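Engineer: Quick one: the structure is below, and I'll ask about it shortly.
Number of protein chains: 2
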Amino acid sequence: MSTDDTTDTTTDASTDTETNCGAASTPDSEAATTEDSASKCGGSASSSSGSSCGASSSGDEEEVGATVEDFDADPGRLVAVGLGPGQPEGMTARAREALLDAEHIVGYTTYVDLLPEEVREGVDELYDTPMCGEVSRTEEAIDRALAGNDVAIVGSGDPNVYALAGLALEILESKGATASMVEFDVVPGVPAAQSCGARLGAPLVNDTVSISLSDHLTDMPTIESRLHAAAKEGFTISIYNPWSRKRRENFEKCCEILEEHRPADTPVGIVHGAGREDEQVEIVELGELEELGETDLVDMTTTIIVGNEETYVWDDRMVTPRGYESKYDY
Amino acid sequence: MSTDDTTDTTTDASTDTETNCGAASTPDSEAATTEDSASKCGGSASSSSGSSCGASSSGDEEEVGATVEDFDADPGRLVAVGLGPGQPEGMTARAREALLDAEHIVGYTTYVDLLPEEVREGVDELYDTPMCGEVSRTEEAIDRALAGNDVAIVGSGDPNVYALAGLALEILESKGATASMVEFDVVPGVPAAQSCGARLGAPLVNDTVSISLSDHLTDMPTIESRLHAAAKEGFTISIYNPWSRKRRENFEKCCEILEEHRPADTPVGIVHGAGREDEQVEIVELGELEELGETDLVDMTTTIIVGNEETYVWDDRMVTPRGYESKYDY
């Protein structure tokens, strides 16, 4: 496959197949085992993994196709951009600039569709895939950069929070490329824990932990051990990827562990679809959490914030005090 | 004191005294024990705690002066806005909007000085104090809101990360007010851990912990116990407030605990003054960390990111893999 014709914008929709991998959209990226390939993003110029911009072929997304030696062009740049909660107003000015500077933007369809009009119109190519294609999407972004394009790969939240900054570096290395070769840079965004914390009030103002319940990439005994330690040590806990049809047991186990260490009336904040049209915010008690796993409130777009022993609910807000009261007479 | 004349912009500089509380500027707010009062922010309209906009008197910042009953006006709004790393380009569009909508902006001098020109010029009053005045500053913001003004209180990073969202709610409650009364809202920002993580590459892409080494509001045995647990359980660790002259021992103790559980060659990222002119970024080994406590690299503007057992350094970047490699052949 030719890789030096980097300005070809022909759209090849022949690989436009969507695969449902058994979960709704996810707030932070995570790879899944099913295969998928390119989808067209409604209305905008869109290319697919069959185009000549990248070097990977569409049939084997879980294997790295091209290595750095397959590219003749001088590499372009690759920047991983965190969009925050997803809507344009949650994005930093620096993220917007990085997107306006990019020739190609690569991302998960849901977030590419939410990009500001100005960004969508200014870019040469938008490449988006439905969820579950994180590895192939990231490789596509890298191949496009190695082929000479300035590429932004986007995701919600922050690229360092269960997301693509690490994957991009891992794949670059596996291709025999380096981060410097594509001037790899990361533009941080507001993580889901902070977006959800803000909606709830002030649940996270002291020492805190983030734990993902997805055992796709971390085994369940490790996750359980971390939950025990976090709950025992008085950390507030942000739970990412709390539930999917394939792993109801992880959520149940998590609730049991938390209840071992914290009272049943510990405040728990649940934010579903933060900043989106279907956003739901609830503050419940720890003892009620497990049964909510079977409702629409808890899915892959939900982040759960578990208070510590000092967290209380006041005027519909969750507050974790830092101890000011003991130091100051106010 | 009259509190209903909320539009008085008289500047009272008589309380313009700066107190150095023994540390440089801090990336996330924290209260300190010394007293201070208002300073003028260079060139802009500035009021002080002696003005008639708020109800607190300037001599007793650590006690709540006015309660909700002292205010006759219909309350205005109070929004806690996270500025991210501090420079305007690190701010979200939503944060900028909140600042443009505010009549009064209250914050620590360093960050107020960094606000975009458009914001500084559009606001009726800027009230800033040097560091260590977090409690008095927050109370001032609340009093101004209770007196009928729309107020934004600003800080770097995110208002939920060792910062003022919780303090604002605690003080509102102590005044007999409620959050709803001032339509209290939080606008999230990019936390220091994410700003620093982005500069280092991808150090935080798996389960992670934030721990502050300041024992001003959390006692040292608790901090030590949390460090042990986090280091044992394979979390990456973001260390906030790592060092001040008053607590060298905390930093030394922290390094000892980390070395008990992790090899001396564990990668550690140090980011001093993220996003500022004096920014310094270094990736070192855990075994070198303790001695760096005595250099300019580590102070209150520094955030330290400690890798886990799997973190490695590649091409000057810190990478914490998520385990993709074991699942995918790339």
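First to last, the sequence lines map onto chains A and B.
Once you know that position 183 of the first sequence is 183 in the numbering used here, the rest is easy, because the numbers rise by one and skip nothing.
Once you know that position 219 of the second sequence is 219 in the numbering used here, the rest is easy, because the numbers rise by one and skip nothing.
Using N, Cα and C, we set each Cβ at its ideal position, and we do this for glycine too.
None of these values were measured; they are calculated from a predicted model.
With distances taken from CA atoms, which of 173(A), 107(A), 285(A) and 175(A) is nearest residue 125(A)?
Structural biologist: 107(A)
Engineer: When the distance is taken between beta carbons, is residue 200(B) closer than 8 Å to residue 155(B)?
Structural biologist: In this structure, residue 200(B) does not lie closer than 8 Å to residue 155(B) by Cβ.
Engineer: For residue 148(B), count neighbouring Cβ atoms within 10 angstroms of its own Cβ and tell me buried if that reaches 16, exposed if not.
Structural biologist: Note on residue 148(B): 16 or more other CB atoms within 10 angstroms of its CB, so buried under the neighbour-count rule.
Engineer: My understanding is that residue 210(A) touches residue 193(A), with C-beta atoms under 8 Å, so please give their C-beta distance in whole angstroms.
Structural biologist: 6 Å
Engineer: Bridge partners for residue 78(A) per DSSP, in chain order?
Structural biologist: 151(A)
Engineer: Answer with yes or no whether the minimum CB distance from residue 211(B) to chain E is below 8 Å.
Structural biologist: Reference to chain E is not applicable here, since the protein chains of this structure are A and B.
Engineer: For residue 310(A), which residues in the same chain have their Cβ closer than 7 Å to its Cβ, ignoring the five residues on either side in sequence?
Structural biologist: Excluding residues up to 5 positions away in sequence, 320 and 321 lie with their Cβ nearer than 7 Å to the Cβ of residue 310(A) in the same chain.
Engineer: If you measure from the beta carbon of residue 197(A) to each beta carbon in chain B, is any gap under 8 Å?
Structural biologist: yes
Engineer: Closest to residue 259(A) by C-alpha separation, out of 289(A), 119(A) and 277(A), would be which residue?
Structural biologist: 289(A)
Engineer: Strictly under 8 Å for the Cβ-Cβ distance: is residue 280(A) near chain B by that measure?
Structural biologist: no
Engineer: If we cut at 8 Å on Cβ distances, does residue 300(A) have a partner in chain B?
Structural biologist: no
Engineer: Quick one: what's got a C-beta closer than 7 Å to residue 145(A)'s C-beta in the same chain, skipping five residues either side?
Structural biologist: Here the set comprises 75, 76, 77, 78, 151 and 182.
Engineer: Taking residue 222(B) as the query, report the chain A residues whose CB atoms sit under 9 Å from its CB, ordered along the chain.
Structural biologist: 207, 233 and 234
Engineer: Could you tell me if residue 73(A) is buried or exposed, where buried requires 16 or more neighbouring beta carbons within 10 angstroms of its beta carbon?
Structural biologist: exposed
Engineer: Identify the residues that DSSP records as bridge partners of residue 318(A): which are they?
Structural biologist: 201(A) and 313(A)
Engineer: Between residue 175(B) and residue 266(B), is the Cβ-Cβ spacing less than 8 Å?
Structural biologist: no
Engineer: Tell me which residue opens and which closes the beta strand (DSSP E) that residue 180(B) is part of.
Structural biologist: No beta strand (DSSP E) contains residue 180(B), which DSSP labels as neither H nor E.
Engineer: Based on DSSP bridge pairs, tell me the residues matched to residue 157(A).
Structural biologist: Paired residue(s): 84(A).
Engineer: Could you have a look at residue 298(A) and say whether DSSP puts it in helix, strand or coil?
Structural biologist: coil
Engineer: Starting from the C-beta of residue 341(B), find all residues in its chain whose C-beta is less than 6 Å away, skip the five residues before and the five after it, and write them out in chain order.
Structural biologist: There is simply no residue 341(B) to check, as chain B begins at 1 and stops at 330 in what is shown.
Engineer: From residue 280(B) to residue 164(A), what distance separates their C-alpha atoms?
Structural biologist: Whole-angstrom Cα-Cα distance: 25 Å.
Engineer: Using the C-alpha atoms, what's the distance from residue 160(B) back to residue 166(B)?
Structural biologist: 7 Å
Engineer: So, helix, strand or coil for residue 30(A), using DSSP?
Structural biologist: Any reading at residue 30(A) must be qualified, since the residue scores a pLDDT of 37, below 50, and its modelled position is unreliable; the value itself is stated next. In this structure, residue 30(A) counts as coil in the three-state DSSP scheme.
Engineer: Can you list, in chain order, the residues of its chain whose CB lies under 7 Å from that of residue 312(B), leaving out five sequence neighbours each side?
Structural biologist: 267 and 319
Engineer: If you draw a straight line from the C-alpha of residue 250(A) to the C-alpha of residue 110(B), how long is it?
Structural biologist: 45 Å
Engineer: Using a beta-carbon distance cut-off of less than 8 Å, what residues from the stretch 242 to 261 of chain A approach chain B?
Structural biologist: none
Engineer: Counting only Cβ pairs nearer than 7 Å, list the residues of chain B close to residue 131(A).
Structural biologist: Residues of chain B passing the Cβ test: none, with the nearest at roughly 16 Å.
Engineer: Residue 266(B) versus chain A: which residues are under 7 Å apart at the beta carbon?
Structural biologist: Near residue 266(B) there are no residues of chain A at all, since even the closest Cβ is about 17 Å away, more than 7 Å.
Engineer: Classify residue 180(B): buried if its beta carbon has 16 or more other beta carbons within 10 angstroms, exposed otherwise.
Structural biologist: exposed
Engineer: Taking Cβ positions only, does residue 154(A) come closer than 8 Å to chain B?
Structural biologist: no
Engineer: Which residues of chain B have a Cβ atom closer than 7 Å to the Cβ of residue 178(A), listed in chain order?
Structural biologist: Residues of chain B with a Cβ closer than 7 Å to the Cβ of residue 178(A) are, in chain order, 315.
Engineer: If you run the structure through DSSP and keep just helix, strand and coil, what is residue 323(A)?
Structural biologist: coil
Engineer: So what does DSSP say about residue 214(A), is it helix, strand or coil?
Structural biologist: coil
Engineer: Taking the Cβ atom as the reference point for each residue, do residue 104(B) and residue 123(B) lie within a distance shorter than 8 Å?
Structural biologist: When the beta-carbon positions are compared, residue 104(B) and residue 123(B) come within less than 8 Å of each other.
Engineer: Taking residue 321(B) as the query, report the chain A residues whose CB atoms sit under 8 Å from its CB, ordered along the chain.
Structural biologist: 166 and 170
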